[in-house]
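These notes are about the structure you will find just below.
Structure follows, in structure tokens:
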């Protein structure tokens, strides 16, 4: 009965993990209103890309001015912004992904990817309100801007595939049997060893019958 209960529990756990393996996990960054000074920028992220996912970016400038909306890899973001976090205007040119939109007052960007645990990377969203001298077609700031920004990200964080699901189901059936076999082997070996360590039984002495009487004459 205990073995059967353990097997049922293992199956339930494996099914639960299997559901995680084929279901998506949505994580919304949310909506917000941001203020960006002239020559400054706003960034959101990082967003992990080690499994399949999508990102939606909705941006609208409220009032005057235009900005650049960049979608960047980790390397692009680091080379363009991270070393100059205290003086962003020091960067003369930047690199970005093709989905980015420059010099816009309102835009909607959608980007999807198919990643894996072996190709882990990160994405960043940047709203830029500066003029990079060596970057063509970017926005020319005319002062601070007020921006309405909405970012939504959906990822498959447990996208392990049907192979992993099958392996987990197989282990859920085999694990109880393996445990029982190991316990039986341990008990048998312990019994044999305990028998070897016991002292030998004392010798048994049998009474000697008296000799028969001599024959009568």
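Residue numbers (my numbering): 1 to 217. Positions of the beta carbon are idealized from the N, C-alpha and C atoms, including for glycine.
Those residues which DSSP pairs with residue i across a bridge
i           : result
residue 108 : 58
residue 72  : 124
residue 138 : Residue 138 pairs with nothing; no bridge assigned.
residue 32  : 149
residue 44  : 125
residue 220 : Any property of residue 220 remains undetermined from this structure, which presents the chain solely from 1 to 217.
residue 187 : Note: residue 187 sits in no beta bridge, so no partner.
residue 101 : 69
Which listed residue (the options) has its alpha carbon closest to that of residue i
i           : options            : result
residue 60  : 103, 113, 132, 176 : 103
residue 134 : 30, 101, 94        : 94
residue 41  : 189, 139, 122, 184 : 139
residue 33  : 148, 143, 97, 76   : 148
residue 220 : 66, 175, 67, 96    : An answer regarding residue 220 cannot be provided, because it is not within the stretch 1 to 217 covered by the chain.
residue 45  : 187, 186, 213, 150 : 150
residue 76  : 67, 125, 211       : 125
Same chain, Cβ closer than 6 Å to residue i, five either side skipped, listed in chain order
i           : result
residue 177 : none
residue 108 : 58
residue 146 : 35, 62, 63
residue 110 : 56
residue 112 : 54
residue 30  : none
residue 143 : 38
residue 211 : none
Cβ neighbours of residue i in the same chain (closer than 7 Å, five flanking residues each side left out)
i           : result
residue 47  : 55, 122, 123, 153
residue 69  : 57, 59, 100, 101, 104, 107, 109, 127
residue 215 : none
Whole-number beta carbon distance between residue j and residue i, since they are thought to touch under 8 Å
i           : j          : result
residue 137 : residue 81 : 19 Å between Cβ atoms; not a contact.
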